[in-house]
Amino acid sequence: AQSVSQHNHHVILSEAASLELGCNYSYGGTVNLFWYVQYPGQHLQLLLKYFSGDPLVKGIKGFEAEFIKSKFSFNLRKPSVQWSDTAEYFCAVNERGGYQKVTFGTGTKLQVIP
Amino acid sequence: DAGITQSPRHKVTETGTPVTLRCHQTENHRYMYWYRQDPEHGLRLIHYSYGVKDTDKGEVSDGYSVSRSKTEDFLLTLESATSSQTSVYFCAISDPERAGNTIYFGEGSWLTVV
Chain A
59 AQSVSQHNHH VILSEAASLE LGCNYSYGGT VNLFWYVQYP GQHLQLLLKY FSGDPLVKGI
119 KGFEAEFIKS KFSFNLRKPS VQWSDTAEYF CAVNERGGYQ KVTFGTGTKL QVIP
Chain B
37 DAGITQSPRH KVTETGTPVT LRCHQTENHR YMYWYRQDPE HGLRLIHYSY GVKDTDKGEV
97 SDGYSVSRSK TEDFLLTLES ATSSQTSVYF CAISDPERAG NTIYFGEGSW LTVV
């Protein structure tokens, strides 16, 4: 069964610091990859996604993620975080074919200190 | 935001009473999901549907049932609510034929069982 690992459960950064959140998955087939953001008290919203092509994808609010197939990774990055980026971030993987199950990671809580 | 409407958005109910949460979509997506999210367990899939009258269990289906009589509506029923079912419930939709099966979430239904 496929799994998604987000090793950082809670990250605290100061404003303007750079961010990198790790995401690794176990599925060996073809996948689609996603990052979602959940602001306090809100629902999960799509931040960015990767289907194919350029492994470096850019999303909303200055976020980007890089797909490294050999490492089964899809890490999320942002060069300079803001207080408004305080939220929980979820990585998700969709295996193509069949039912196309989508598996979510357990989430990383990001706290940005002004 | 995707055209997903959840109702009710907030509900307080008593232990032992039945509760039905409704999810309505205007996107004509084939798949619909019910998740629950809790601080100690994160996001967990309760049930999902891959078409009208086609449903299947997720990882935490005990105590819940679902029905999908129309493409646009997916109902989640708690047959006899318990305090352990106090949670926030998210409906979600996706379609493997569109956008790589990207999952879109509704705004959530906060349920308190007293």
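Going down the list, the sequences are from chains A and B. Take 59 as the starting number for the first sequence in the numbering used here and just add one per residue. Take 37 as the starting number for the second sequence in the numbering used here and just add one per residue. Backbone N, C-alpha and C fix where the C-beta goes; we use that ideal spot for every residue, glycine too. Nothing here was measured: the structure is a model prediction, and the numbers come from that model.
For T166(A), the pairing in a beta bridge is given by DSSP as Y147(A). Contacts between H101(A) and chain B, judged by CB atoms closer than 8 Å, involve F126, F141, G142, E143 and G144 in chain order. In this structure, F162(A) is the residue among E73(A), F162(A) and P172(A) with its C-alpha nearest to the C-alpha of V95(A). When beta bridges are read from the DSSP output, E153(A) appears opposite V89(A).
Under the three-state reduction of DSSP output, K159(A) falls in the coil class, being neither helix nor strand.
In the same chain as V124(B), and ignoring 5 residues on each side of it, the C-beta atoms closer than 6 Å to its own belong to Q73, G144 and W146, in chain order.
A distance below 8 Å separates the beta carbons of L91(A) and F125(A). Residue pairing by DSSP places D109(B) opposite H60(B) and K106(B) in a beta bridge. Of the candidates E108(B), T41(B) and P54(B), the residue whose Cα lies closest to the Cα of Q121(B) is P54(B). Contacts with chain A at 8 Å (Cβ-Cβ) do not include N64(B).
For S138(A), the secondary structure class from DSSP, reduced to helix, strand or coil, is coil. In this structure G78(B) is in contact with G165(A), their Cβ atoms being roughly 6 Å apart against a cut-off of 8 Å.
Here the alpha carbon of H101(A) sits roughly 15 Å from the alpha carbon of T138(B). Residue state for I70(A) is assigned as strand, using DSSP reduced to three classes. Judged by DSSP in its simplified three-state form, K107(A) adopts strand.
Measuring C-alpha to C-alpha distances from Q169(A) to each of G87(A), Q60(A) and Y97(A) identifies Y97(A) as the nearest. Burial check for Q140(A): the Cβ neighbour count within 10 Å stays below 16, so the residue is exposed.
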